[in-house]
Amino acid sequence: MPDPLHTLRLPVAPVEPRQEFAAALRRRLGQRTGQFTPGAATARYFVTDLDAAVIFYTQQLGFAEELRAAPAFAMLYRGELRLLLSVLGQPSTRESADTGEPGQAAEGEESPAAGGSNRIVLGVPDLAAAVARLRANGVRFRTGITTGITVRQALLEDPSGNLVELFEPLAGYHERQGGTR
Amino acid sequence: MSTVSVRYVVDDVDTAIAFYVGHLGFAELMHPDPAFAMLTLGDLRLVLVSPVPADHPGGGSRPMPDGTRQQPGGWNRFMIEVADLARTVGTLRAAGAHFRNEIVTGIGTRQILLEDPSGNVVELFEPVRQEARLTPSAPAAAGPPSPGPGA
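For the protein sequence lines, the chains are A and B, in the order given.
For the first sequence, the numbering used here gives the first residue as 18, with consecutive numbering after it.
For the second sequence, the numbering used here gives the first residue as 2, with consecutive numbering after it.
Put into structure tokens, the structure is as follows:
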């Protein structure tokens with residue numbers, strides 16, 4: 018006599034082993050060394066004008082706006098990069114634990130500022146076309162196109178004078194396949 | 002080309018590699034030239050370069066057309082999420098690391114500015130709001146936890 022509960026049982030679905038998924042998970046867990054959280058690709062730039070910066074990064078460089086807490090802070094994304102824009106002289110740009118005045122450094126300390134040589138690096142498939150398009154839009158470049166080892170690159174400035182590097186891979190260019198995961 | 006790349010200018014690439022690998026858990030991908038190295042941590046690819054003359058084959062750290070040398074420092078930085086900021090800061094201080102400030106509690110995070118050997122800044126942060134977390138602690142973080150049966 019058949020089991021009367023049989024019709025209520027769920028069918029047994031065969032589950033294929035997903036080797037790629039398992040391997041990716043193992044790699045990810047394996048990177049969890051100690052106290053640092055991997056997969057964290059976040060950069061913070063200081064800007065003088067939040068709205069101008071958001072317009073620049075979204076319209077010229079293809080970032081998407083995630084949130085804007087005017088007048089001090091915005092969060093943008095481009096691929097796996099999260100870019101935080103902090104406005105000088107606002108509470109969120111406070112860098113010192115003991116200053117009473119937001120946006121001001123403690124006595125004898127330096128205040129945050131825009132600029133410097135460090136920068137985010139964005140890949141483009143056709144650098145000459147990208148540079149021409151951006152120049153036509155009025156974007157300032159600090160260099161022309163220079164050729165390095167396996168890449169061509171150019172340095173542009175955001176409205177606050179922060180650098181962004183564009184690069185196009187050339188023959189022999191190496192990048193880990195599938196990102197770093 | 003989905004990996005995120007950041008270029009930092011350093012005084013000495015070998016010293017910088019020792020710092021980022023030894024203190025912050027980066028892995029070295031390549032170091033083919035004394036003035037160039039590529040490191041990785043999660044989705045972040047960190048390109049380290051030291052200033053080179055205009056005729057150097059490496060293009061990333063040559064002077065600007067007006068002769069201005071690229072140099073370390075400034076305030077723009079990448080950020081690394083840590084689980085326990087106070088503990089991490091203690092560990093790094095004990096290892097001789099320099100911090101530019103003390104732990105600051107901001108709107109979404111607790112944060113501190115760590116300096117690399119060339120004076121570049123790296124922001125370490127611990128989220129104090131769930132939205133500031135890069136890696137949600139549980140996959141079912143989309144809604145409030147549902148009460149169990151009989152709750």
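Glycine included, each C-beta is placed from N, C-alpha and C at the ideal position.
Everything numeric in this text was worked out from a predicted model, so none of it was measured.
ask   = If H24 of chain B and L93 of chain B are in contact, beta carbons under 8 Å, what's the gap, nearest whole angstrom?
value = Numbered from its first residue, the second sequence carries residue 24 of chain B at position 23. Numbered from its first residue, the second sequence carries residue 93 of chain B at position 92. Going by Cβ atoms, the distance from H24 of chain B to L93 of chain B rounds to 6 Å, so yes, they are a contact pair.
query = Since Y21 of chain B meets chain A, which of its residues come closer than 9 Å, beta carbon to beta carbon?
reply = The count along the second sequence starts at 1 and reaches residue 21 of chain B at position 20. None at all; the shortest Cβ gap to chain A is about 11 Å.
task = For A69 of chain A, I'd like the list of residues in its chain whose CB is within less than 6 Å of its CB, leaving aside the five on either flank, ordered along the chain.
result = One-based indexing of the first sequence puts residue 69 of chain A at position 52. Taken in chain order, the residues that qualify are P176.
key: Rounded Cβ spacing between L183 of chain A and L173 of chain A (contact assumed at less than 8 Å)   = In the first sequence, the residue the question calls residue 183 of chain A occupies position 166. In the first sequence, the residue the question calls residue 173 of chain A occupies position 156. Indeed they touch by this definition, with Cβ atoms about 7 Å apart.
Range covered by the beta strand (DSSP E) that runs through I137 of chain A = Here residue 137 of chain A corresponds to residue number 120 of the first sequence, with the count starting at 1. Unbroken beta strand (DSSP E) run through I137 of chain A: 136-140.
message = Going by C-alpha to C-alpha distance, which of B:S119, B:D117, B:I81 sits closest to D44 of chain B?
response = On the second sequence, position 43 is the one that residue 44 of chain B refers to. Residue B:I81 is the option with its Cα nearest to D44 of chain B.
query = Which residues mark the beginning and the end of the alpha helix (DSSP H) in which D68 of chain A is found?
reply = The count along the first sequence starts at 1 and reaches residue 68 of chain A at position 51. Start and end: 67-72.
message = Tell me which residues of the segment 66-81 of chain B have at least one Cβ-Cβ distance to chain A shorter than 9 Å, keeping chain order.
response = P66, D67, T69, R70, Q71, Q72, P73, G74, G75, W76, N77, R78, F79, M80, I81
ask   = Would A275 of chain A count as contacting chain B if we go by Cβ distances under 8 Å?
value = There is no way to answer for residue 275 of chain A, as the model of chain A reaches only from 18 to 198.
ask   = DSSP on I18 of chain B, reduced to helix/strand/coil?
value = Along the second sequence, read from residue 1 onward, the residue named residue 18 of chain B stands at position 17. DSSP places I18 of chain B in helix when its eight states are reduced to three.
message = Can you pull out the residues from the segment 159-187 of chain A whose beta carbon lies closer than 9 Å to at least one beta carbon of chain B?
response = R159, T160, G161, T163, T164, G165, I166, V168, R169, Q170, L172, N179, L180, E182, F184, P186
inquiry  = From the DSSP secondary-structure annotation, give me the bridge partner or partners of P128 of chain B.
reply    = Your numbering for residue 128 of chain B matches position 127 in the second sequence. DSSP output for P128 of chain B lists B:T110 as bridge partner(s).
query = In chain order, what residues of the same chain lie with their CB nearer than 8 Å to the CB of S205 of chain A, ignoring the 5 residues before and after it?
reply = Not covered by the structure: residue 205 of chain A. The range shown for chain A is 18 to 198.
key: Reference L84 of chain A; option with closest CA among A:V138, A:L78, A:L100, A:T163   = As a working mapping, residue 84 of chain A is identified with position 67 in the first sequence. Of the candidates A:V138, A:L78, A:L100, A:T163, the one whose C-alpha sits nearest the C-alpha of L84 of chain A is A:L100.
query = Alpha carbon to alpha carbon, how far is D118 of chain B from A98 of chain B?
reply = As a working mapping, residue 118 of chain B is identified with position 117 in the second sequence. As a working mapping, residue 98 of chain B is identified with position 97 in the second sequence. The amino acid at residue 118 of chain B is misidentified as Asp; the sequence shows Pro. Looking at the two C-alpha atoms, the distance is approximately 9 Å.
message = Taking the straight line between their C-alpha atoms, what separation do you get for T69 of chain B and N102 of chain B?
response = Your numbering for residue 69 of chain B matches position 68 in the second sequence. Your numbering for residue 102 of chain B matches position 101 in the second sequence. Near 29 Å, if we compare the C-alpha coordinates of N102 of chain B and T69 of chain B.
key: Continuous beta strand (DSSP E) assignments of at least 3 residues falling wholly in the segment 127-184 of chain A   = 136-140, 168-174
ask   = Across which residues does DSSP place A98 of chain B in a beta bridge pair?
value = One-based indexing of the second sequence puts residue 98 of chain B at position 97. Its beta-bridge partners do not exist; DSSP assigns none.
ask   = chain A beta carbons: is any one of them nearer than 8 Å to that of S119 of chain B?
value = Position 118 of the second sequence, counted from the first residue, corresponds to residue 119 of chain B. Taking Cβ atoms only, chain A never reaches closer than 8 Å to S119 of chain B, which makes this a no.
Cross-chain neighbours of V148 of chain A in chain B, by beta carbon under 7 Å = Sequence index remark: in the first sequence, residue 148 of chain A carries index 131 (1-based). Result: empty, since nearest Cβ-Cβ is about 14 Å, beyond 7 Å.
query = First and last residue of the beta strand (DSSP E) that includes R78 of chain B?
reply = What you label residue 78 of chain B is simply residue 77 of the second sequence in a count that begins at 1. Taken as a continuous stretch (DSSP letters only), the beta strand (DSSP E) holding R78 of chain B covers 78-82.
ask   = What is the C-beta distance between A36 of chain B and G59 of chain B, in whole angstroms, given that I count them as a contact (C-beta under 8 Å)?
value = Reading the second sequence from its first residue, position 35 is the one you call residue 36 of chain B. Reading the second sequence from its first residue, position 58 is the one you call residue 59 of chain B. Confirmed, Cβ separation roughly 6 Å.
task = Mind checking the segment 62-73 of chain A against chain B and listing, in chain order, the residues whose C-beta falls within less than 9 Å of any C-beta there?
result = Y62, F63
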